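Student: In this note's numbering, the protein residues as written are 779 to 953.
Structure representation (structure tokens):
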């Protein structure tokens with residue numbers, strides 16, 4: 779259970795690691811534009827839309843081949859997709875990569891929840907899912923805080939490399 783809580787924490791940390799700097803990064807890519815807020819909204823929404831669309835299919839796949847395999851694949855895909863985000867030359871490239879990133883994130887938390895449910899007795903399910911929810915909130919908080927710090931000290935593009943390292947390490951631990 780502790781490993782699954784840690785996985786949840788790390789997934790949420792990486793999801794929110796990028797959030798505080800994404801608008802700044804779009805400003806760097808786009809230059810002085812009056813549409814930065816709109817482009818940031820589209821960029822944020824791209825990963826959410828793809829997660830919504832892909833989650834049911836990935837859930838079905840998880841039922842067929844197993845949540846563990848889907849989780850490992852999603853973590854690896856997320857790590858691989860994080861790297862090119864540091865090197866994009868336009869906002870539209872970033873939007874496309876964030877869209878693809880949303881597909882991998884659409885598989886992560888449902889797979890974790892499935893694995894938790896498969897390995898706990900019904901009489902403690904409420905406590906376990908509450909603790910897992912706490913790990914999600916802790917990851918949200920620390921991801922945004924740490925992502926901002928990394929960007930401030932090392933640069934915005936480094937944030938994506940750190941996300942790739944965290945997701946890769948998480949994939950190895952889950953495997």
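Backbone N, C-alpha and C define an ideal beta-carbon position, used for all residues, glycine too.
This one's a predicted model, so the numbers in the text were calculated from it and none came from an experiment.
Taking only the alpha-carbon atoms, compute the straight-line gap between residue 896 and residue 913 and give it to the nearest angstrom.
Tutor: As a working note, residue 896 is residue 118 in the chain shown. As a working note, residue 913 is residue 135 in the chain shown. Residue 896 and residue 913: Cα-Cα distance of roughly 19 Å.
Student: In the DSSP assignment, the alpha helix (DSSP H) including residue 823 goes from what residue to what residue?
Tutor: For the purposes of this step, residue 823 is identified with residue 45 of the chain shown, where counting begins at 1. 814 to 843 is the extent of the alpha helix (DSSP H) around residue 823.
Student: Residues in the same chain with beta-carbon distance under 7 Å from residue 806, minus the five sequence neighbours each way, listed in chain order, please.
Tutor: By 1-based counting over the chain shown, the position of residue 806 is 28. Around residue 806: 934.
Student: What ranges does the beta strand (DSSP E) occupy inside the segment 868 to 916, keeping only unbroken runs of at least 3 residues that lie completely in it?
Tutor: Listed in chain order, nothing qualifies, since the segment 868 to 916 has no complete beta strand (DSSP E) run of 3 or more residues.
Student: Counting only the same chain and skipping the five closest in sequence on each side, list residues whose C-beta sits under 6 Å from that of residue 917.
Tutor: Position 139 of the chain shown, counting from 1, holds the residue named residue 917. Answer for residue 917: 787, 790, 791, listed in chain order.
Student: Taking just the CA atoms, how far does residue 899 sit from residue 881?
Tutor: Mapped onto the chain shown, residue 881 falls at position 103. Mapped onto the chain shown, residue 899 falls at position 121. Looking at the two C-alpha atoms, the distance is approximately 30 Å.
Student: Beta-carbon separation of residue 873 and residue 939 under 8 Å?
Tutor: Working through the chain shown from its first residue, we reach residue 873 at position 95. Working through the chain shown from its first residue, we reach residue 939 at position 161. Cβ distance not < 8 Å, so residue 873 and residue 939 don't count as in contact.
Student: For the structure I just gave you, are there three or more beta carbon pairs, one from the segment 883 to 895 and one from the segment 838 to 856, closer than 8 Å?
Tutor: Yes, since at least three Cβ pairs between the segment 883 to 895 and the segment 838 to 856 fall closer than 8 Å, the two stretches touch.
Student: Just the C-alpha distance for residue 951 and residue 893, rounded to the nearest angstrom, thanks.
Tutor: Looking up residue 951 in the chain shown gives position 173. Looking up residue 893 in the chain shown gives position 115. If you take the alpha carbons of residue 951 and residue 893, they lie about 14 Å apart.
Student: How about residue 856 and residue 945: are their beta carbons less than 8 Å apart?
Tutor: Within the chain shown, the letter at position 78 stands for residue 856. Within the chain shown, the letter at position 167 stands for residue 945. A contact, by the Cβ cut-off of 8 Å.
Student: Return yes when the Cβ of residue 808 is within less than 8 Å of the Cβ of residue 817, no when it is not.
Tutor: If you number the chain shown from 1, residue 817 lands on position 39. If you number the chain shown from 1, residue 808 lands on position 30. For residue 817 and residue 808, yes; Cβs fall inside 8 Å.
Student: Using only alpha-carbon positions, find the residue among 877, 835, 812, 838 that is nearest to residue 828.
Tutor: Indexing the chain shown from 1 puts residue 828 at position 50. Nearest option by C-alpha distance: 877.
Student: Identify whether residue 863 lies in helix, strand or coil by the three-state DSSP scheme.
Tutor: Position 85 of the chain shown holds residue 863. Three-state result, residue 863: helix.
Student: So, for residue 802: in the same chain, excluding its five sequence neighbours on each side, which residues have a beta-carbon less than 8 Å away from its beta-carbon?
Tutor: Residue numbering aside, residue 802 sits at position 24 when the chain shown is read from its first letter. Taken in chain order, the residues that qualify are 929, 934.
Student: If the criterion is Cβ atoms closer than 8 Å, does the pair residue 795 and residue 937 meet it?
Tutor: Numbered from 1 along the chain shown, position 17 holds the residue referred to as residue 795. Numbered from 1 along the chain shown, position 159 holds the residue referred to as residue 937. Yes; because the gap between Cβ atoms is below 8 Å, this pair is in contact.
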